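Each protein sequence line maps, in turn, to chains R and P. The numbering used here numbers the first residue of the first sequence as 1 and each following residue consecutively. The numbering used here numbers the first residue of the second sequence as 309 and each following residue consecutively. The beta carbon of each residue, even a glycine, is placed where N, CA and C say it ideally should be. As the structure is a computational prediction, the values presented were derived from the model and not from experiment.
Number of protein chains: 2
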Amino acid sequence: MSFDVLQDKIKALKNPTVAGLDARLSHVPPHILKACFAEYGENAKGAAEAIWRFNQGLMDALEGVVPAVKPQAAYYEALGWQGMEVLERTIRYAKEKGFFVIADIKRGDIGSTATAYAEGWLGETKVGNSVIRPFDADCVTVNGYMGSDAVKPFLDCCIAEDKCLFVLVKTSNPSSGELQDMVAGDRVVYKVMGDLTQRWGKGTEGSKYGYSAVGAVVGATYPAELRELRKRLENTFFLVPGYGAQGGTAEDVRYAFDRFGRGAIINSSRGIFYAWSKTGKDGMDYQEAARAAAEKMRDDIRQYVTIL
Amino acid sequence: MSFDVLQDKIKALKNPTVAGLDARLSHVPPHILKACFAEYGENAKGAAEAIWRFNQGLMDALEGVVPAVKPQAAYYEALGWQGMEVLERTIRYAKEKGFFVIADIKRGDIGSTATAYAEGWLGETKVGNSVIRPFDADCVTVNGYMGSDAVKPFLDCCIAEDKCLFVLVKTSNPSSGELQDMVAGDRVVYKVMGDLTQRWGKGTEGSKYGYSAVGAVVGATYPAELRELRKRLENTFFLVPGYGAQGGTAEDVRYAFDRFGRGAIINSSRGIFYAWSKTGKDGMDYQEAARAAAEKMRDDIRQYVTIL
Numbered sequence: 001m002s003f004d005v006l007q008d009k010i011k012a013l014k015n016p017t018v019a020g021l022d023a024r025l026s027h028v029p030p031h032i033l034k035a036c037f038a039e040y041g042e043n044a045k046g047a048a049e050a051i052w053r054f055n056q057g058l059m060d061a062l063e064g065v066v067p068a069v070k071p072q073a074a075y076y077e078a079l080g081w082q083g084m085e086v087l088e089r090t091i092r093y094a095k096e097k098g099f100f101v102i103a104d105i106k107r108g109d110i111g112s113t114a115t116a117y118a119e120g121w122l123g124e125t126k127v128g129n130s131v132i133r134p135f136d137a138d139c140v141t142v143n144g145y146m147g148s149d150a151v152k153p154f155l156d157c158c159i160a161e162d163k164c165l166f167v168l169v170k171t172s173n174p175s176s177g178e179l180q181d182m183v184a185g186d187r188v189v190y191k192v193m194g195d196l197t198q199r200w201g202k203g204t205e206g207s208k209y210g211y212s213a214v215g216a217v218v219g220a221t222y223p224a225e226l227r228e229l230r231k232r233l234e235n236t237f238f239l240v241p242g243y244g245a246q247g248g249t250a251e252d253v254r255y256a257f258d259r260f261g262r263g264a265i266i267n268s269s270r271g272i273f274y275a276w277s278k279t280g281k282d283g284m285d286y287q288e289a290a291r292a293a294a295e296k297m298r299d300d301i302r303q304y305v306t307i308l
Numbered sequence: 309m310s311f312d313v314l315q316d317k318i319k320a321l322k323n324p325t326v327a328g329l330d331a332r333l334s335h336v337p338p339h340i341l342k343a344c345f346a347e348y349g350e351n352a353k354g355a356a357e358a359i360w361r362f363n364q365g366l367m368d369a370l371e372g373v374v375p376a377v378k379p380q381a382a383y384y385e386a387l388g389w390q391g392m393e394v395l396e397r398t399i400r401y402a403k404e405k406g407f408f409v410i411a412d413i414k415r416g417d418i419g420s421t422a423t424a425y426a427e428g429w430l431g432e433t434k435v436g437n438s439v440i441r442p443f444d445a446d447c448v449t450v451n452g453y454m455g456s457d458a459v460k461p462f463l464d465c466c467i468a469e470d471k472c473l474f475v476l477v478k479t480s481n482p483s484s485g486e487l488q489d490m491v492a493g494d495r496v497v498y499k500v501m502g503d504l505t506q507r508w509g510k511g512t513e514g515s516k517y518g519y520s521a522v523g524a525v526v527g528a529t530y531p532a533e534l535r536e537l538r539k540r541l542e543n544t545f546f547l548v549p550g551y552g553a554q555g556g557t558a559e560d561v562r563y564a565f566d567r568f569g570r571g572a573i574i575n576s577s578r579g580i581f582y583a584w585s586k587t588g589k590d591g592m593d594y595q596e597a598a599r600a601a602a603e604k605m606r607d608d609i610r611q612y613v614t615i616l
């Protein structure tokens, strides 16, 4: 599933947003928690099943509104292997529902280790004369601090599987500048990372929209940098965190899109899956609340972006 | 388990090395694979059980020689949740045997996401009125490209649990310089990362040897940088990859140690667990081969380093 496929899904729903599936237990509605703890106990199994039910309900509610989901691996790992099992289930279900799945793993390692990550998350692992496809996401996030050696194995896997990846370039958090904004002569670290992203992606451009298989993560909280990177990296698809809770607005994120209103997807996590906390109904309405929040975000962005 | 504990374990065995537990199926002796495939099938379960048996055998063989083990998460993730279950078992077994466990996860994310990683890998996750301790390693590796926001949640967890972490500073791979060697005025990216490591660790120094809870990953393949960083970061414990297969020698790695022969641990992965491939005995002798390789590496390094 290349960025061509993602752009098509965005176009079909006229919605360039991705819903984070980052559920911590504290964000799961009480009635789901209660039911799962009663059935499985207050343990890893009960917790994982609660997250599974919540994710499933969210995806049922978001179908037809949001083109993509982004499970954040950390929250599943925090429940150990039982969390990972639910992550596998979540990705499988998302794909059945037609969502484009970005596994937010931010892995960064080299050589055969990076290959193992790529196989586990995007491709297949050889087992004797069989193969298994453990997580099988459409796309992953990757950390490039270790350089090309950390990205190439993922890219090779993406080319083989017709999938894609995002490299962290300029992240949305307050301290991102400590390293990413270091100025070396006329070069800045995050721009060098952006240029590397473009270089790595060369030759992998999709036939329909022209985006390479190597996208970039660029935070909505740094709109000037976002705008500049958009101009600099014309074949690069952007994943934009930082909208909503972190302070990025629809006006900020419009700079992520090219003149056709393409080339970017904006993430919202808590704003969607935790919308139920603001309706005063104890989470019984988490599905309606999530869908309404997703529609509101879509409409907010559409004020500034017309997708051609 | 702080770096004080690790240094004591190193001292007791007079061996400043850590054995990587990075087993890909292609490195598991054929007789183990055959038995597990016969019992569980050529599937994720069969593969995971083969790795479990291999790991267990390796740890039995390395007990009393090597003070620490370093499972690389990638190879377990490549088998999906069943791999993660075996990783939990591997860490539990390693701790029972008295090994110091460094989970090589190279995670790097921010805020509540980084907290979730830290809870999952080092601490505990709250589930209703209970807590679970999924992976419960003694130490992890962390990627600091996102800045302090990515490291602080791990550090907070380390302080609460009396554990420690390693931040990637100057990695051992050929392309590490693409970003890490960028020169900004009189500053170089990897040195800035090193200085940040020192700053983050301030106030967490162990009472016995004085190392802070924030260590640094510095590759053996860049001995000049290793030497310089050792002088620059005197309270920082080093994890040094790149010995052996990647080209780092015992002569190179001696620069990682301070004048007491302390403050560093040298990793070897394939050189130990895949030693059986060089004896011509089809892997039946993988335990003896691993132990002999670990002893050889220890003796090689002891030619240059005296641990006081």
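**Request:** For the segment 465 to 480 of chain P and the segment 410 to 426 of chain P, state whether three or more C-beta atom pairs, one from each stretch, are separated by less than 8 angstroms.
**Result:** yes
**Local conformation of R:L165 per DSSP, three classes** = If you number the first sequence from 1, residue 165 of chain R lands on position 165. Here R:L165 sits in strand by DSSP.
**Asked** Going by the CB atoms, is the gap between P:F443 and P:L314 shorter than 7 angstroms?
**Response** The count along the second sequence starts at 1 and reaches residue 314 of chain P at position 6. The count along the second sequence starts at 1 and reaches residue 443 of chain P at position 135. No. Outside cutoff.
**Prompt:** When the Cα atoms are used, what is the spatial distance from P:P379 to P:L395?
**Reply:** Numbered from its first residue, the second sequence carries residue 379 of chain P at position 71. Numbered from its first residue, the second sequence carries residue 395 of chain P at position 87. When rounded, the distance between both Cα atoms is 8 angstroms.
**Message:** Beta-carbon within less than 6 angstroms of P:S310's beta-carbon, same chain only, minus the 5 sequence neighbours each way: which residues are those?
**Reply:** Against the second sequence, residue 310 of chain P aligns to sequence position 2. For P:S310, where only same-chain residues beyond five positions count, the Cβ hits under 6 angstroms are D470, C472 and G514.
**Asked** Secondary structure at P:K699, three-state DSSP: helix, strand or coil?
**Response** Lying outside 309 to 616, the shown extent of chain P, residue 699 of chain P is not represented and no answer is given.
**Request:** Could you name the residues of chain R that P:F457 contacts, counting a contact when the two beta carbons are closer than 8 angstroms?
**Result:** Your numbering for residue 457 of chain P matches position 149 in the second sequence. Residue identity check: residue 457 of chain P is Asp in the sequence provided, not Phe. The answer, in chain order, is N173, P174, S175 and S176.
**Request:** Within 10 angstroms of the Cβ of R:A38, are there 16 or more other Cβ atoms? Answer buried if so, exposed if not.
**Result:** Here residue 38 of chain R refers to the residue found at position 38 when the first sequence is read from its first residue. By the Cβ-count criterion, R:A38 is exposed, with fewer than 16 other Cβ atoms from all chains shown falling within 10 Å of its own Cβ.
**Request:** Pick helix, strand or coil for P:I399, following the three-state DSSP scheme.
**Result:** On the second sequence, residue 399 of chain P is found 91 positions in, with the first residue counted as 1. If DSSP states are grouped into helix, strand and coil, P:I399 belongs with the helices.
**Prompt:** Taking only beta-carbon atoms, is R:M182 less than 7 angstroms away from chain P?
**Reply:** Indexing the first sequence from 1 puts residue 182 of chain R at position 182. Yes - at least one Cβ of chain P is within 7 angstroms of the one on R:M182.
**Asked** What does DSSP give as the partner residues of R:G20 in its beta bridges?
**Response** In the first sequence, counting from the first residue as 1, residue 20 of chain R sits at position 20. DSSP output for R:G20 lists R:K70 as bridge partner(s).
**Asked** Would you say P:N451 reaches chain R, if we count a Cβ-Cβ gap shorter than 7 angstroms as a contact?
**Response** The count along the second sequence starts at 1 and reaches residue 451 of chain P at position 143. Interface residue, yes.
**Asked** Quick one, which of P:G455, P:Y612, P:V613 and P:F581 has its alpha-carbon nearest P:A369's?
**Response** On the second sequence, position 61 is the one that residue 369 of chain P refers to. Ranking P:G455, P:Y612, P:V613 and P:F581 by Cα distance to P:A369 puts P:F581 first.
**Message:** Is it buried or exposed, P:S456, if we count other Cβ atoms within 10 angstroms and call 16 or more buried?
**Reply:** Counted from its first residue, the second sequence places residue 456 of chain P at position 148. By the neighbour-count criterion, in which 16 or more other beta carbons inside 10 Å mark a residue as buried, P:S456 falls on the buried side.
**Message:** I need the boundaries of the beta strand (DSSP E) containing R:N267, first residue and last residue.
**Reply:** Counted from its first residue, the first sequence places residue 267 of chain R at position 267. Looking at the DSSP string, the run of the beta strand (DSSP E) that includes R:N267 is A264 to S268.
**Item:** Inter-residue CB distance, P:Q390 and P:S480 (contact presumed, cutoff 8 angstroms)
**Value:** The residue given as residue 390 of chain P occupies position 82 in the second sequence. The residue given as residue 480 of chain P occupies position 172 in the second sequence. About 30 angstroms separates the two Cβ atoms, so there is no contact after all.
**Message:** Comparing C-alpha positions only, which one of R:P16, R:K11 and R:K9 sits nearest to R:A294?
**Reply:** As a first step, residue 294 of chain R is located in the first sequence; it is residue number 294 there, counting from the start. The residue with the shortest Cα to Cα distance from R:A294 is R:P16.
**Request:** Anything in chain P within Cβ reach of R:R380, meaning under 8 angstroms, just list it in chain order.
**Result:** In the structure as shown, chain R begins at 1 and stops at 308. Residue 380 of chain R is therefore absent and cannot be evaluated.
**Message:** By the DSSP assignment, the beta strand (DSSP E) with P:D412 in it spans what residues?
**Reply:** Against the second sequence, residue 412 of chain P aligns to sequence position 104. P:D412 -> beta strand (DSSP E) spans F408 to R415.
**Message:** Tell me which residue opens and which closes the alpha helix (DSSP H) that P:L333 is part of.
**Reply:** To locate residue 333 of chain P, count along the second sequence from 1; it is residue 25. From DSSP, P:L333 is part of no alpha helix (DSSP H); its letter is neither H nor E.
**Request:** Give a yes or no on whether the minimum CB-CB distance between R:G123 and chain P is below 7 angstroms.
**Result:** By 1-based counting over the first sequence, the position of residue 123 of chain R is 123. Cβ-Cβ to chain P under 7 angstroms: no for R:G123.
**Contact with chain R by P:L487, beta-carbon distance below 7 angstroms** = As a position in the second sequence, residue 487 of chain P is number 179, starting the count at 1. Chain R, which has a Cβ nearer than 7 angstroms to the Cβ of P:L487, makes this yes.
**Message:** For a quick check, are the C-beta atoms of P:D566 and P:P531 less than 7 angstroms apart?
**Reply:** Taking the second sequence and counting its residues from 1, the one referred to as residue 566 of chain P is at position 258. Taking the second sequence and counting its residues from 1, the one referred to as residue 531 of chain P is at position 223. No; because the gap between Cβ atoms is not below 7 angstroms, this pair is not in contact.
**Request:** Please state whether DSSP places R:Y304 in a helix, a strand or coil.
**Result:** Position 304 of the first sequence, counted from the first residue, corresponds to residue 304 of chain R. Here R:Y304 sits in coil by DSSP.
**Message:** Tell me the DSSP secondary structure of P:V313 in three-state form.
**Reply:** Residue numbering aside, residue 313 of chain P sits at position 5 when the second sequence is read from its first letter. Helix.
**Within 7 angstroms, strictly: CB atoms of R:L233 and R:V217** = Taking the first sequence and counting its residues from 1, the one referred to as residue 233 of chain R is at position 233. Taking the first sequence and counting its residues from 1, the one referred to as residue 217 of chain R is at position 217. Not closer than 7 angstroms, so no.
**Prompt:** Where DSSP assigns a beta bridge to P:V548, which residues make up the other side?
**Reply:** Translated into positions along the second sequence, residue 548 of chain P becomes position 240. For P:V548, which the question treats as bridged, DSSP gives the partners P:I574.
**Message:** Let me see if you follow: with CB-CB separation under 7 angstroms, is R:Q72 close to chain P or not?
**Reply:** By one-based count along the first sequence, residue 72 of chain R stands at place 72. Yes, contact with chain P.
**Request:** Pull up the DSSP beta-bridge partners for R:K170, would you.
**Result:** The residue labelled residue 170 of chain R in the question sits at position 170 within the first sequence. DSSP output for R:K170 lists R:V218 as bridge partner(s).
**Request:** Taking all protein chains shown into account, decide if P:Q595 is buried (16 or more other Cβ within 10 angstroms of its Cβ) or exposed.
**Result:** Residue mapping note: residue 595 of chain P aligns to position 287 of the second sequence, counting from 1. Buried, since its Cβ has 16 or more Cβ neighbours within 10 Å.
**Asked** What three-state label does DSSP hand P:G514 in the structure shown?
**Response** Locating residue 514 of chain P in the second sequence gives position 206, counting from the first residue. Correct three-state label for P:G514: coil.
**Message:** Can you check which of these residues, P:V448, P:M392, P:N437 and P:A583, is closest to R:N43 by C-alpha distance?
**Reply:** Translated into positions along the first sequence, residue 43 of chain R becomes position 43. Looking from the CA of R:N43, the closest CA among P:V448, P:M392, P:N437 and P:A583 belongs to P:N437.
**Request:** Kindly give me the distance between the Cβ atoms of R:V18 and R:V69, rounded to whole angstroms, as I take these residues to be in contact under 8 angstroms.
**Result:** Start at 1 with the first residue of the first sequence, and residue 18 of chain R comes out as number 18. Start at 1 with the first residue of the first sequence, and residue 69 of chain R comes out as number 69. Indeed, because the Cβ distance is near 7 angstroms, the residues count as touching under 8 angstroms.
**Request:** Express the C-alpha separation of P:A411 and P:C447 in angstroms, rounding to a whole number.
**Result:** Locating residue 447 of chain P in the second sequence gives position 139, counting from the first residue. Locating residue 411 of chain P in the second sequence gives position 103, counting from the first residue. If you draw a straight line from the Cα of P:C447 to the Cα of P:A411, it comes to about 6 angstroms.
**Request:** With R:V189 as the anchor, note down where its alpha helix (DSSP H) starts and where it stops.
**Result:** Locating residue 189 of chain R in the first sequence gives position 189, counting from the first residue. V189 to G201 is the span of the alpha helix (DSSP H), which, as asked, contains R:V189.
**Asked** By DSSP, does R:G271 sit in helix, in strand, or in coil?
**Response** Translated into positions along the first sequence, residue 271 of chain R becomes position 271. Reduced to three states, the DSSP call for R:G271 is helix.
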